[in-house]
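Residue numbers (the numbering used here), protein chains in the order written: chain A, 2 to 405; chain B, 2 to 405.
Even glycine gets a Cβ: it sits at the ideal position worked out from N, Cα and C.
Each remark here refers to the structure printed beneath this line.
Written as structure tokens, this is what we have:
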């Protein structure tokens with residue numbers, strides 16, 4: 002990315018104007034220039050000038066006025082919309098057993114998608130980079146184009162990720178710690194990559210096209226092998242100072258409690274993660290040995306008291322964790338999102354009841370809890386949305402640099 | 002407050018401009034018009050027009066150019082500053098045994114202060130309103146003016162307060178629950194009142210003139226009889242949807258744990274609050290009966306194993322709660338603020354060490370922990386700052402309404 006000196010405040014204003022106008026057009030779908038001026042507070046003359054720039058750069062296009070469906074007085078107004086063909090963006094979610102990829106146009110319309118199985122969940126860095134490139138190549142091929150056609154890639158992975166620095170402190174997909182994954186991917190991919198924690202990308206997807214569309218303050222809790230959290234405050238992902246906030250799974254729910262995979266004690270994940278449930282279930286060697294959640298669930302359904310007790314405690318610990326999130330954030334909405342609805346011990350009505358019981362009670366309605374079952378491709382869509390956002394902001398900066 | 006119809010976007014821009022310009026002048030102390038234009042991005046012509054309005058309304062004043070201390074080419078520039086005499090604002094903090102009051106001018110300069118003892122900590126609504134009026138009258142008298150000279154009052158109290166609705170769900174100072182305290186005070190005071198949770202006002206004071214001055218993302222934990230939290234995100238107090246977020250003291254640190262005054266189990270306060278320590282310390286009737294933290298501390302100092310154990314667990318639970326705040330917010334800074342530094346079980350180096358041990362570890366420095374010992378008058382200053390902020394924004398709105 003080219004660097005320029007400090008922009009003048011007029012330059013900044015123009016850059017803000019471009020970003021604002023692109024955002025308004027994206028949100029509206031299509032919108033006339035005069036309505037852009039109303040929505041942004043930017044003067045009509047400036048809107049005309051900026052949209053002319055964006056048109057000539059091919060980022061937006063004019064929509065032929067619709068003269069049939071509505072009776073209008075005067076000349077029909079030409080609307081503007083984002084030009085889909087301006088960019089192709091990929092979104093990837095690296096999960097335990099798969100890499101899910103989606104490629105969209107600049108509007109966000111899906112052009113191709115692919116789920117590629119992974120043999121190993123945790124890989125050394127060069128292998129992860131190679132697998133990511135492979136997943137992108139496969140998906141491009143399905144869409145009838147090549148990896149060089151991509152303008153940007155959004156990538157979500159589990160773990161502690163500093164999105165701004167594109168740096169991974171730790172991820173369940175990587176053998177190494179403290180990896181400059183942005184740099185490593187820059188060496189194998191022909192376009193910029195934007196990383197984030199996967200739960201943040203789910204939060205972004207929920208905000209852009211899911212249950213958080215009408216809401217600017219909400220929390221997403223993701224449930225996979227572990228639990229994650231994405232926080233949206235004032236319409237933006239909250240990432241914390243070092244990019245590693247929202248560590249829901251490693252908040253402590255018991256002083257000196259159960260040992261967690263992270264090496265500490267008493268983490269929520271050490272009570273609700275898959276490994277934690279199996280560890281508990283298998284303490285007694287006389288019983289059936291469970292190697293998966295599925296067998297544990299079946300045992301509980303068949304009345305096995307120990308299996309029931311294991312799932313029961315996980316549910317209660319999780320409900321307590323949720324209650325703490327409500328006590329701290331007092332959000333409008335909590336979205337429980339995941340792809341494993343078969344195992345409902347963390348989603349059931351009972352979880353929500355218990356959570357409500359442990360929340361500070363005031364004479365006002367509790368936050369809404371929404372359960373949103375979606376697959377890895379939706380996570381990948383969140384990653385693509387992040388890619389689109391970052392490519393847009395980079396394009397706007399390049400404009401400003403060219404003008405400076 | 003007068004209500005107007007929806008403002009036009011031009012009106013909104015003008016209102017934003019006035020607010021921005023007042024904020025920039027307040028932050029700078031004194032600043033020339035041209036530098037205001039640079040700092041805000043508002044055009045010099047608009048800055049001149051808006052500052053003319055603000056001057057004629059008496060909210061700001063010109064500062065004679067300083068021609069002696071600096072050699073300047075050309076005509077010396079006139080600077081602008083907030084006019085202290087424009088308003089007198091009071092800030093109050095209602096604590097368990099006192100009401101602390103400070104009266105400042107519109108710049109924030111203290112004109113008078115007073116600490117009034119309270120006989121009862123928890124009062125019925127009419128009595129609390131009467132005590133607040135009495136505290137204001139006393140303080141005004143000390144300053145040589147009358148209560149009618151006040152333009153606004155900022156008020157902080159412990160409990161669950163919806164600042165926007167001026168509504169108190171619950172407060173340790175009030176016998177009733179769900180009280181429209183804003184309305185009740187409007188009936189006994191001659192000027193507008195702005196309420197907030199006291200920890201939020203400490204956070205505001207820290208942000209404006211304390212340890213959070215250089216920082217836009219930090220957490221304040223207040224330690225009095227209970228523990229409170231104020232959250233500053235992007236320079237603003239984070240209050241949550243219903244105005245009752247940041248409930249640190251009632252986050253659960255133990256599933257089905259110790260009974261809390263709030264009626265629930267396992268709250269942090271049920272392990273670290275004064276009542277919780279004394280309850281623990283006095284379970285054994287054979288031992289010395291403690292009626293205050295002071296006697297408990299003395300016993301621990303004299304080697305009483307039970308007293309030590311009580312303080313020890315409180316410290317560990319508190320450190321765990323702090324670690325959870327770091328895991329969730331990943332703030333730049335945590336400020337532990339309070340007025341009871343004699344009892345250091347929640348402030349000691351050991352607390353901070355243990356907290357650091359329980360925080361998710363990444364290859365980046367941990368947030369700074371600052372211990373800030375201050376008295377109730379500093380809390381009152383936070384309340385006054387809130388009053389100044391709200392009176393400013395109300396004045397700006399009145400301008401806009403007059404212009405509409």
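Measuring alpha carbon to alpha carbon, tell me which residue in the options is nearest residue i.
i, options, result
"residue 269 of chain B", "A/253, A/273 and A/228", "A/253"
"residue 271 of chain B", "B/290, B/295, B/293 and B/319", "B/319"
"residue 328 of chain B", "A/240, A/349 and A/361", "A/240"
"residue 212 of chain A", "A/182, A/233 and A/360", "A/233"
"residue 179 of chain B", "B/191, B/190 and B/162", "B/162"
"residue 92 of chain A", "A/83, A/110, A/84 and A/81", "A/110"
"residue 275 of chain A", "A/376, A/217, A/301 and A/312", "A/312"
"residue 35 of chain B", "B/78, B/89, B/302 and B/166", "B/78"
"residue 61 of chain A", "A/304, A/95, A/121 and A/108", "A/108"
"residue 338 of chain B", "B/167, B/206, B/171 and B/128", "B/206"
"residue 335 of chain B", "B/349, B/323, B/344 and B/345", "B/323"
"residue 124 of chain B", "B/105, B/165 and B/174", "B/174"
"residue 306 of chain A", "A/321, A/293, A/317 and A/289", "A/289"
"residue 309 of chain A", "A/25, A/281, A/209 and A/46", "A/281"
Any C-beta of chain B sitting closer than 8 Å to the C-beta of residue i?
i, result
"residue 397 of chain A", "no"
"residue 226 of chain A", "no"
"residue 215 of chain A", "no"
"residue 88 of chain A", "no"
"residue 243 of chain A", "yes"
"residue 324 of chain A", "yes"
"residue 357 of chain A", "no"
"residue 375 of chain A", "no"
"residue 400 of chain A", "no"
"residue 301 of chain A", "no"
"residue 20 of chain A", "no"
"residue 42 of chain A", "yes"
"residue 321 of chain A", "yes"
"residue 161 of chain A", "yes"
"residue 329 of chain A", "yes"
"residue 361 of chain A", "yes"
"residue 379 of chain A", "no"
With DSSP as the reference, please indicate the residues paired to residue i in a beta bridge.
i, result
"residue 118 of chain B", "B/99"
"residue 198 of chain A", "A/158"
"residue 339 of chain A", "A/224 and A/374"
"residue 350 of chain A", "In DSSP, residue 350 of chain A forms no bridge with anything."
"residue 175 of chain B", "B/124"
"residue 329 of chain B", "Answer is none; residue 329 of chain B lacks a bridge partner."
"residue 169 of chain A", "A/162 and A/180"
"residue 334 of chain A", "A/219 and A/369"
"residue 81 of chain B", "B/32 and B/63"
"residue 105 of chain A", "A/90 and A/111"
"residue 153 of chain B", "B/90"
Would residue i count as contacting chain A if we go by Cβ distances under 8 Å?
i, result
"residue 198 of chain B", "no"
"residue 318 of chain B", "yes"
"residue 255 of chain B", "yes"
"residue 252 of chain B", "yes"
"residue 171 of chain B", "yes"
"residue 218 of chain B", "yes"
"residue 336 of chain B", "no"
"residue 345 of chain B", "no"
"residue 1 of chain B", "Past the edges of chain B, shown from 2 to 405, lies residue 1 of chain B, and the structure says nothing about it."
"residue 201 of chain B", "no"
"residue 175 of chain B", "no"
Excluding the five sequence neighbours on either side, which residues of its own chain have a C-beta within less than 8 Å of the C-beta of residue i, listed in chain order?
i, result
"residue 43 of chain B", "18, 21, 22, 37 and 51"
"residue 367 of chain A", "327, 357 and 360"
"residue 1 of chain B", "A query on residue 1 of chain B cannot be resolved here, the shown segment of chain B reaching from 2 to 405 and no further."
"residue 381 of chain A", "92, 93, 94, 101, 102, 103, 114 and 157"
Counting only the same chain and skipping the five closest in sequence on each side, list residues whose C-beta sits under 6 Å from that of residue i.
i, result
"residue 193 of chain B", "153"
"residue 177 of chain A", "126"
"residue 230 of chain B", "200, 222, 247 and 249"
Spatial neighbours of residue i within its chain, please: CB distance less than 7 Å, with the 5 preceding and 5 following residues excluded, ordered by chain position.
i, result
"residue 149 of chain A", "191"
"residue 226 of chain B", "97, 274 and 275"
Hey, which unbroken runs of the beta strand (DSSP E) at 3 residues or more fall wholly within the stretch 215 to 295 of chain B?
-> If we require 3 residues or more, the beta strand (DSSP E) runs fully inside the stretch 215 to 295 of chain B come out as 219 to 224 and 228 to 234.
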